[in-house]
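A short write-up of the structure that comes next.
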Amino acid sequence: MSVESDTARLNRDGAGTGARLGGGTSAFPGIDFLTPEGDPGLLGPGSMGWKVSANPVVSAVGGIAAVILELSEKHVRAGVWDHSTFKTDPIKRMERTGMAAACVTYGPTKLAQTTFDRVTRMHERVTGTTHDGDPYKAMEPELLTWVHVTAAWGFLNAYIRYADPKLSLEDQDRYFREGEIIGKGFGAEWVPTSKAEAEAYMEEMTPKLYANETVHEFLALVRDATPLGAAGKPMQRLVTQAAIDLLPKKLQDQCGVQVSPFVRPTVRPMVRTLAAAAGATVRRMPDTPANQACRRMGVSTDCLR
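Residue numbering for the sequence shown follows this note's numbering, beginning at 98 and increasing consecutively.
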């Protein structure tokens, strides 16, 4: 796979391609990100949340890394795998997740609250037992904290690696601080509000993670989950390897995953090129949630840089 060919394909097909890789910046018919004018939503222009979530390739890498971590925790693993359509329709499942993320990140206030309420109603029905007989409820605050933190950790670290390697500690802290309203909106009682708190929490959770077949089932599905068919699989597989590579070695070992030795030398430079193309493309696409949110607020898409 050449960087040139995939960059050209990404520019040709637009932001929707990247969003379907797992991000949240495709156009969502029927969802209005343009009104009411002047409503900043939960974050607003100038926020780190708007910047971090704007690039579909960054979101794809971070999102897949987050799911690896989530499926390595036994309660979340059971809830996701036993009560979702990941196994039967991973593309639509990822699109719905991306839609919810876009609504609370870029949507006006009412849309964000409606999304919280809808997702909460769905989660209230999710109960069961883990593989070793431990009961769980999806609305348990501790599990919602884990899901929120894995997503925030994944998106931010993917953004640093592939969009802004020099991002300041102050801005990283601001990203977690801004995200508190989203984590609590989905039902968590506590979420970290700084990089240091997030890293300490990840360190505390790492021994509770375990390698399991569900993680590998997920990776096998997501490697091929692209609406572009055979043409999109090389890029999708590269992004999947980048997601594994995003995890530090300790987390890779704990979750039982590793980067393919055949692609390890090329993953970072190739995905960095794809992310640069995606970032330029998404700012030009008028129907993405990020772009519409900028128009709602009367600001330039430069605020997404």
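Each residue gets a CB set at the ideal place from its N, CA and C atoms; glycine is no exception.
{"query": "Y168 classed as buried or exposed, judged by whether at least 16 other C-beta atoms fall within 10 angstroms", "result": "Correcting the residue type first, residue 168 is Leu in the shown sequence and not Tyr. That one is buried."}
{"query": "P383 - DSSP class collapsed to helix/strand/coil", "result": "coil"}
{"query": "Cβ neighbour criterion (16 or more within 10 Å) applied to K346", "result": "exposed"}
{"query": "A112 (DSSP reduced to helix, strand or coil)", "result": "With a pLDDT of 33 at A112, under the threshold of 50, the modelled position of this residue cannot be trusted; read the value that follows with caution. Three-state DSSP puts A112 in a helix."}
{"query": "Three or more C-beta pairs below 8 Å linking the region 210–217 and the region 129–138", "result": "no"}
{"query": "Where the alpha helix (DSSP H) through Y203 begins and ends", "result": "187–203"}
{"query": "Status (buried if at least 16 other CB within 10 Å, exposed otherwise) for S94", "result": "What the structure shows of the chain is the stretch from 98 to 402, and residue 94 is not part of that stretch, so it cannot be assessed."}
{"query": "Contact between the region 308–317 and the region 240–259 (3+ Cβ pairs under 8 Å)", "result": "no"}
{"query": "Where the beta strand (DSSP E) containing G127 begins and where it ends", "result": "No beta strand (DSSP E) holds G127; DSSP gives it neither H nor E."}
{"query": "Option nearest S144 by Cα separation, candidates E277, E296, E301, L316", "result": "E277"}
{"query": "First and last residue of the uninterrupted beta strand (DSSP E) at Y233", "result": "232–234"}
{"query": "Proximity below 9 Å, CB of V368 to CB of V216", "result": "no"}
{"query": "Beta-carbon proximity check, G376 vs R402, cutoff 9 Å", "result": "yes"}
{"query": "Pair within 9 Å by beta-carbon distance, M191 and A322", "result": "yes"}
{"query": "Distance between E221 and V355 (C-alpha atoms, nearest Å)", "result": "The identity of residue 355 in the sequence shown is Gln, whereas the question assumes Val. Each residue's Cα considered, the two are about 34 Å apart."}
{"query": "Euclidean distance between Cα positions of G282 and G225", "result": "23 Å"}
{"query": "Test item: CB-CB of T202 and L140 under 9 Å", "result": "yes"}
{"query": "The region 229–240 / the region 164–180 touching (three or more Cβ pairs under 8 Å)", "result": "yes"}
{"query": "Residue interval of the beta strand (DSSP E) (run including T182)", "result": "Looking at the DSSP string, T182 is not in any beta strand (DSSP E), and its letter there is neither H nor E."}
{"query": "One or two residues paired with T226 in a DSSP bridge", "result": "P232"}
{"query": "Buried/exposed call for A372, threshold 16 Cβ in 10 Å", "result": "buried"}
{"query": "Nearest-angstrom beta carbon gap, L343 and A162 [assumed within contact, 8 Å]", "result": "5 Å"}
{"query": "Through-space distance from Y256 to D186, alpha-carbon basis", "result": "27 Å"}
{"query": "Cut-off 6 Å between Cβ atoms - residues of its own chain near A285, not counting five sequence neighbours on either side", "result": "P238, L241, T242, H245"}
{"query": "Whole-number beta carbon distance between P289 and Y298, since they are thought to touch under 8 Å", "result": "5 Å"}
{"query": "Assigned secondary structure, W243 (DSSP; H/G/I helix, E/B strand, else coil)", "result": "helix"}
{"query": "Candidates M394, W250, T182, T385: closest to P153 by CA position", "result": "T385"}
{"query": "DSSP-derived helix/strand/coil call for P304", "result": "helix"}
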